[in-house]
Amino acid sequence: MQRLREIWEQERRQLPLWTPVLLGLGVQIYFWMPVEPDYWMYTISLATPLLIFAALWRRIARYWLIGFLLMLVALGFSLAGLRAHIVAAPVVEASMDATVEGLIAALTSSQSGRPRLLLEDVVVFGLTDAQTPSRTQITLLGRDDLTAFTPGVWVSVFAQIGPPGSPVEPGGFDYRRTAWFDGLGAVGFARGSAVVIKAPGRPGIFSRISLQIAIWRAALSNGIRSQLEGEEGAFAAAVIVGDRVGVSRDSTQALRDSNLAHLLAISGLHMGLATALLFGASRLILALLPIPARRWRIKAIAARIALAGAFAYLVLSGMSIATQRAFIMVAVALIAIMLNRPPITLRALTVAALLILTLRPESLTHVGFQMSFAATAAIIAGFEWARQRGWSAWAQDGGIGKRIFAYVIALAATSLLAGLATAPFAAFHFNRAANYGLIANLAAVPIMGFWVAPSALIAGALAPIGLEGWALAVMGKGIATIMSVARFVTGLDGAIRPIAATAPLVLTLITFGGLGVCLGRTWMRWIGVGLVSAGLATWMIVDIRPALLVAPDGRLMGVRTDKGRVVDHPRAESYVASQWLIKDGDLANQEQAAERIGLDRGYSGGKAQLENGWLVMNVIKRNPDIARLSDLCKEKTVLIVPHIRNEIDGPCIFLFGDGLKAAGALAFMPEGEGVKITTAAQMAGRRFWTGYQPGGARSRP
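Per this note's numbering, the very first residue in the sequence shown carries number 14; after that it's consecutive.
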């Protein structure tokens, strides 16, 4: 009994570290809901813990923890719902061709590398003000001249726009949810060249400040790329101001396949390096000055300077969600230094997580949030474990050789811990693992920290007097070295291991298991090990990939065979096909998948047979012959006909017209003598981003 009390006392001290976990659980419950919660559900969720307090007030000393834990979960649930209401904005109801005018807020690039404009203050001819989205994203023609498209100018373009796309398969990534929280109400592509029509200022002080910052960022990006041409200049612009337009697809893929893509995105590493260098330089300069060294608390002053620099970096980098998250984490650490507290602890990480989840609850669903906090928690927990065993004191008590050895070991341990912590999230979201990612990071991260980042800071300091050229050149050499490392590692045999998609429950088990290992002290760690093991075992044993998939509107079919998935067209719906193959853990491209055997090209569409004999036919012909369709409608047959409005007679399962369009993508799995059909609409539920609003109102289809 005494032993149990000792164990509970050790775990009880860790309870504050679980507050963001419980808050995040409430947020996740909100996103797990199949239907958008009504207002009374928020009242009930918040009132339940209070009722527990009231019912158990005589034993509150013993049971207060139950009510407090439930309150955190209810608060996370309510914060997510509140955020979803706050960001609500009009979304176009259907695809349409129209002239679109708007103010350029940002210039980005699509996955295919084509330039893309993010427009604000949008005007869509043919829509009323109440129907017009506040933000629209337009992918431009490849031949457009981009020199005139800078933030702050008004453009006009004739484009096809529509609501953000639905999942390419049931249960897949739903871009509509991300767009909802970004206030993005329409996406599309230009049907003609975009033209600048005027360049006015925006009303309102905050709008003008935001616009001016965007203009400065664009000018800075252009200046960097004018002095550093090619790949090095595009990489430098990406890590300094967050402008990734010039980064080629080949460069991005090489960084991804070598597990170095995090070097391209402004996140915790970049913010941490910039802040650490600025803090160290400021402290060194102040220490060399006699009066500050004797009279001032230079450590706190250096922390304030570094905090100001971190904020400037946040603003100039575009204030993306990942950068905001990194700034909050760095700010918490610097404030801890000002208060003479340890800057890098699990408690500091807890504060950062609470702030982010309170301000942007939807961040929990972003892979960047999951990977950055997983890596940071693993690194801090690992080094705290080493410090408790005296390893840190051993490393500091020695000569230069011992310190260098300790640094190398610490660097390897950091990369190993971060890699192990982020690997499940990378595999779940990207369906591939970089087998030599540790080697690549051990080689590239020091180059980033001791070569590229210092050169960038020096270039920034010298830019006002026009002497930044040599520092940018040095930075370019470092970037070229990093890219050489990435390409060397990518070229090794077996550099990439494809991983098939698994159920979200598996990642949930691994996540809570990892939290138990990092935050626990005794039995909680062993429970965490058990959960991680259960999650990994389930991932390896259970296969959830559908036997057959059909794209939204029935425009592509793919059936799974022993040789991999076969698609019925080598080029149509290329993005959908690529996502299917990636989720299958298949490295083939669409053309290779179309050449496989296992799917017949029947009457104007694909035809495939499931293991239990069910036949699925996809008729995509514009004006199909009704008599021919009636002949095809037989028992144990699913007939998919997008371009028909009336049902036909017959024993088959008939999917057609508007109902098929509303269903979205389809997944088929044989079940005994029957077939289970799952639709993307079923899996997505009735949520704000799918067009549903509590009370029966609809905002979009």
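By construction, the Cβ of each residue, glycine as well, lies at the ideal position given by its N, Cα and C atoms.
| task | Find out if the Cβ-Cβ distance for the pair Leu-673, Ile-653 is shorter than 8 Å. | result | Closer than 8 Å, so yes.
| said: For His-582, tell me which candidate among Arg-558, Trp-552, Ile-633 has the shortest Cα-Cα distance. | reply: Ile-633
| said: Just to confirm the assignment: which complete beta strand (DSSP E) runs, minimum length 3, are found wholly within the region 608–647? | reply: The qualifying runs are 613–615, 618–622, 628–631.
| query | With a Cβ-Cβ cutoff of 8 Å, do Leu-153 and Arg-127 count as a contact? | reply | yes
| Who are the Cβ neighbours of Leu-475 in its own chain at under 7 Å, not counting the five residues just before and after it? | Glu-481, Ala-484
| In angstroms, rounded to a whole number, what distance separates the CA positions of Leu-30 and Leu-286? | 26 Å
| request: Within the same chain, show all residues whose beta-carbon is closer than 7 Å to that of Glu-245, passing over the 5 residues directly before and after it, in chain order. | output: Gly-489, Ile-492, Ala-493
| Along the chain, where does the alpha helix (DSSP H) that runs through Thr-503 open and close? | 482–503
| Below 8 Å, can you find three or more Cβ-Cβ pairs linking the region 248–256 to the region 457–472? | Judged by pairs of C-beta atoms under 8 Å, the region 248–256 touches the region 457–472, as three or more such pairs exist.
| Using the rule of at least 16 other Cβ atoms within 10 Å of the residue's Cβ for burial, across every protein chain shown, is Gln-603 buried or exposed? | buried
| Span of the alpha helix (DSSP H) around Lys-596 | 587–596
| task | State the start and end residues of the unbroken alpha helix (DSSP H) segment that holds Asp-263. | result | 262–270
| message | So the candidates are Trp-398, Lys-649, Thr-371; which of them puts its Cα closest to the Cα of Arg-538? | response | Out of Trp-398, Lys-649, Thr-371, Trp-398 has the C-alpha closest to the C-alpha of Arg-538.
| task | Within 10 angstroms of the Cβ of Gly-205, are there 16 or more other Cβ atoms? Answer buried if so, exposed if not. | result | Per the 10 Å Cβ criterion, exposed.
| query | Relative to the alpha-carbon of Pro-183, which residue among Lys-689, Leu-116, Asn-444 has its alpha-carbon at the smallest distance? | reply | Closest in alpha carbon position to Pro-183, among Lys-689, Leu-116, Asn-444, is Lys-689.
| Selection from Arg-338, Gly-395, Pro-517, Ala-344 that minimises the alpha carbon distance to Leu-370 | Nearest of Arg-338, Gly-395, Pro-517, Ala-344 to Leu-370, Cα basis: Arg-338.
| task | Give the single residue among Glu-686, Leu-544, Ala-640 whose Cα lies nearest to the Cα of Lys-649. | result | Glu-686
| Beta-bridge partners of Gln-173, as assigned by DSSP | Asp-110, Phe-202
| message | Check whether the region 450–463 and the region 529–545 touch, using three or more Cβ-Cβ pairs below 8 Å as the test. | response | no
| task | Taking Glu-133 as part of the alpha helix (DSSP H), name the residues at either end of that continuous run. | result | No alpha helix (DSSP H) contains Glu-133, which is instead part of the beta strand (DSSP E) from 128–137.
| field | Opening and closing residue of the beta strand (DSSP E) in which Lys-576 lies | value | No beta strand (DSSP E) contains Lys-576, which DSSP labels as neither H nor E.
| said: So Ala-102 and Gly-196 are supposed to be a Cβ contact under 8 Å. How far apart are they, rounded? | reply: 5 Å
| task | Determine the direct distance from the alpha carbon of Ala-203 to that of Leu-679, and round the result to whole angstroms. | result | 29 Å
| query | In whole angstroms, what separates the C-alpha of Tyr-705 from that of Ala-111? | reply | When rounded, the distance between both Cα atoms is 25 Å.
| query | DSSP beta-bridge partners for Val-421? | reply | In DSSP, Val-421 forms no bridge with anything.
| field | Host alpha helix (DSSP H) of Gln-695 (start-end) | value | 693–697
| request: State the Cα-Cα distance for the pair Met-46 and Gly-698, rounded to the nearest angstrom. | output: 8 Å
| Which class does Arg-190 belong to by DSSP, given the choice of helix, strand or coil? | helix
| request: Using the DSSP secondary-structure output, state which residues sit across from Val-208 in a beta bridge. | output: In the DSSP secondary-structure assignment, Val-208 is bridged to Ser-169.
| Just checking, does the region 359–378 make contact with the region 312–325 on the three C-beta pairs under 8 Å criterion? | A contact is defined here as three or more CB-CB pairs under 8 Å, and the region 359–378 fails this definition with respect to the region 312–325.
| task | Pull up the distance between the alpha-carbon of Leu-268 and that of Thr-503, whole angstroms please. | result | 8 Å
| field | Coil, strand or helix - Leu-549 by DSSP | value | In the structure shown, Leu-549 falls within a helical segment according to DSSP collapsed to helix, strand and coil.
| Paired residues, beta bridge with Arg-445 - DSSP | Pro-511
| request: Following the continuous beta strand (DSSP E) through Arg-148, name the residue where it begins and the one where it ends. | output: 148–152
| Is DSSP giving Val-104 helix, strand or coil here? | It is coil, neither helix nor strand.
| Quick one: what does DSSP say Ala-143 is sitting in, helix, strand or coil? | coil
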